[in-house]
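Okay, structure first, notes after.
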Amino acid sequence: MPAHKTFRIKTKLAKKLKQNRPIPQWIRMRTNNTIRYNAKRRHWRRTKLKFTEELTIQEVPLGTPYLRAGAFHLGKTCEAVNNEFMLCRQETNDPRACLQEGKNVTNCSHNFFQKVKDTCASEFTTYAMCLEKSSNNFSFDQCRKTQESFDSCMERNNKMIRPYFGYFSLTRVHDSNRPKPVEERPKWMDDPKGVKSEDVPTDLPLETKRRHHSFSK
């Protein structure tokens, strides 16, 4: 990097962070880490990320009309995988810990649409094109006939029945084989200053006079 560009970057960061010290040299290095600035502690910290090979997976190359056309059957087919991924995200609160679960969701979606392509490609394409061209918000109202044709094909060839309306709004209990993460005990709970006393001290000053309030007679 040229010297004038390096100086410009350092000056810009120094003004933004209100610091007079020079920016460390390793900030401008190309690494597999992401550099973040902690505004509260006023220092840079390095967060370890996964390598590119661990993040690479075959995506589902479909647009919104096709995803919306197969959404009901896809959600029913990959229900357990999706629940496992969402449970992992909520329990760990760390996307890096749920990379494998996310890959399973993508693989399940890819396998589903591959099966649809092999068995009901014509009905599926017609249904998706109807959703795209009949309205500006991909509404199902104008495509009930093509939807019925696609649902019949899925039930006949793949034994998949379209879930009823409101199925995905129901509350469910997901049984996971993944061990539940151990919650870290807050440090303030072990502080002796915050221990609750069992008895009232005998030397505690008590007010013996009657307290008069504005609403008392």
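In terms of full-length UniProt numbering, the sequence shown opens at residue 1 and continues consecutively. Note that the Cβ used here is the ideal one computed from N, Cα and C, for glycine as well. Since the structure is predicted, the reported quantities are computational estimates derived from the model, not experimental observations.
Apart from the five residues just before and just after SER134, which ones in its own chain have a Cβ nearer than 7 Å to its Cβ?
Contacts found: GLN142 and CYS143.
When we look at the beta-carbon of GLU123 and count the other beta-carbons within 10 Å, is it buried (16 or more) or exposed?
GLU123 should be labelled buried.
How many angstroms separate the CA atom of SER152 from the CA atom of ASP118?
Distance between the alpha carbons of SER152 and ASP118 is about 15 Å.
Here's the rule I'm using: 16 or more other beta-carbon atoms within 10 Å means buried, otherwise exposed. How should PHE85 be labelled?
Taking every protein chain shown into account, the CB of PHE85 has 16 or more other CB atoms within 10 angstroms, so this residue is buried.
From this set, TYR167, LYS103, LEU204 and THR125, which residue's C-alpha is nearest GLU54's C-alpha?
Per the Cα distances, LYS103.
So what's ASP141 in DSSP terms, helix, strand or just coil?
The answer is helix: DSSP assigns ASP141 an H, G or I state.
Flag ASN104 as yes when its Cβ comes closer than 7 Å to any non-hydrogen atom of the ligand GTP, and as no otherwise.
In terms of ligand content, the structure shown is empty, and the ligand GTP therefore cannot be addressed.
Touch test, the stretch 149-166 against the stretch 90-103, Cβ-Cβ under 8 Å, three pairs minimum:
No, the stretch 149-166 is not in contact with the stretch 90-103.
For the pair the stretch 104-113 and the stretch 162-171, tell me if three or more CB-CB distances fall below 8 Å.
Flag = no, the stretch 104-113 and the stretch 162-171 do not touch.
Where does HIS73 land, buried or exposed, given buried means 16+ other C-beta within 10 angstroms?
Label assigned to HIS73: buried.
Rounded separation between ALA128 and ASN158 - CA only:
For ALA128 and ASN158, the distance between alpha carbons rounds to 19 Å.
Tell me whether ALA80 is buried or exposed, calling it buried when 16 or more other Cβ atoms sit within 10 Å of its Cβ.
Counting the other Cβ atoms within 10 Å of the Cβ of ALA80 gives fewer than 16, which makes it exposed.
Expressed to the nearest angstrom, what Euclidean distance is found between the alpha-carbon atoms of PRO192 and PRO186?
Cα-Cα distance, rounded: 13 Å.
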